[in-house]
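Visitor: Its first residue numbered 121, the sequence shown is counted upward by one per residue in my numbering.
Beta carbons are placed, not taken as given, at the ideal position from N, Cα and C, and that holds for glycine.
Small disclaimer: the values here were computed from a predicted structure and weren't measured.
Okay, here's the structure, questions in a sec.
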Amino acid sequence: MTQTHFGYSTVDESEKAGKVRGVFDSVASKYDLMNDVMSAGLHRAWKAYTVQVANLKPGERVLDIAGGTGDLSRAFARKVGETGVVVHTDINEAMLRQGRDRLLDEGLILPTSLADAEKLPFKSESFDLVSVAFGLRNMTHKDAALAEMCRVLKPGGRLLVLEFSRIAEPLRKPYDWYSFNILPKLGSLLAGDAESYRYLAESIRMHPDQATLKAMMKTAGFGHVDVHNLSAGLVALHAGIKC
121 MTQTHFGYST VDESEKAGKV RGVFDSVASK YDLMNDVMSA GLHRAWKAYT VQVANLKPGE
181 RVLDIAGGTG DLSRAFARKV GETGVVVHTD INEAMLRQGR DRLLDEGLIL PTSLADAEKL
241 PFKSESFDLV SVAFGLRNMT HKDAALAEMC RVLKPGGRLL VLEFSRIAEP LRKPYDWYSF
301 NILPKLGSLL AGDAESYRYL AESIRMHPDQ ATLKAMMKTA GFGHVDVHNL SAGLVALHAG
361 IKC
């Protein structure tokens with residue numbers, strides 16, 4: 121069996137998706153609360169910046185991968201208007217249900233799909249923008265997922281990848297201390313699950329850094345890739361254009 125990483129652990133590739141699913145099944149109901157607490161609300165600013173960079177126009181078609189509780193789908197829907205389409209997807213049913221219900225509560229009815237980013241159930245060249253926020257690091261075959269995102273984009277279409285990345289060196293030690301000492305305790309206190317948030321900290325360290333991810337996107341078919349470091353590199357927004 122081929123091996124891959126699940127946080128700092130090594131597992132069979134066939135097991136990783138199930139393990140990731142277990143993490144998000146556990147935290148789905150507290151996901152938004154934990155995002156606010158562990159980022160001190162900064163995740164809202166990161167997502168708002170992503171929407172700004174997306175520069176969507178009325179009538180455009182958007183695919184939101186790993187859309188979770190629907191923050192980006194909601195914001196994108198306002199930009200594309202009634203003539204546009206935003207498809208809200210996630211591989212995890214519990215997260216997708218949370219997002220769908222939240223969007224419905226706000227009067228937004230969007231196409232919703234349980235979808236694996238490595239095997240997207242959409243036609244080639246069918247979207248103007250694809251986004252994935254805080255989901256790429258959990259995918260087993262990131263290269264395959266990026267290739268699929270490129271496939272479903274129209275020529276000239278844009279991919280936005282918002283993800284935890286490599287923080288600036290002077291902040292690395294305090295950030296590590298917070299991640300492995302405070303974050304699991306917050307997970308235990310607020311979500312009743314320390315292990316899932318320990319996995320979160322580990323998965324961030326195993327994710328490709330800014331330069332590596334940029335190179336992966338170019339290999340997948342994106343001719344131009346910009347990297348926007350946010351909060352000293354704690355998070356990076358990679359913006360790629362399909363040529």
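1. Reducing DSSP to helix, strand and coil, say where I185 ends up.
2. In three-state DSSP terms, what is K177?
3. Between the segment 321 to 330 and the segment 246 to 255, do three or more beta carbon pairs fall short of 8 Å?
4. Could you round the C-beta distance between A174 and L249 to whole angstroms and report it? I think they count as a contact, below 8 Å.
5. With DSSP collapsed to three states, give me the class of H344.
6. Are the beta-carbon atoms of T209 and I185 separated by less than 8 Å?
7. Relative to the C-alpha of T122, which residue among F247, H261, S351 is closest?
8. Compare the beta carbon distance of L306 and G360 with 8 Å and say whether it is the shorter of the two.
9. Might you give, ordered along the chain, the residues of its own chain that have their beta carbon closer than 7 Å to the beta carbon of A288, omitting 5 neighbours on each side?
10. Under 8 Å, do T232 and M215 count as touching if we go by C-beta distance?
11. With which residues is V252 paired in a DSSP beta bridge?
12. Check whether the Cβ of H358 lies closer than 7 Å to any heavy atom of the ligand COA, and answer yes or no.
13. Which one or two residues does DSSP pair with V207 in a beta bridge?
14. In angstroms with no decimal places, state the Cα-to-Cα distance between V206 and M158.
15. Give the DSSP-derived three-state secondary structure of F242 in the structure shown.
16. Return the bridge partner residues of L234 from the DSSP annotation.
17. If you compare alpha carbons, which of G227, L228, G219, S246 is closest to L234?
18. Going by DSSP, which residues form a beta bridge with F247?
Guide: Quick answer:
1. strand
2. coil
3. no
4. 6 Å
5. strand
6. yes
7. H261
8. no
9. A352, G353
10. no
11. I185, V281
12. No copy of the ligand COA appears in this structure; indeed no ligand is present at all.
13. L183
14. 28 Å
15. coil
16. D210
17. G219
18. L273
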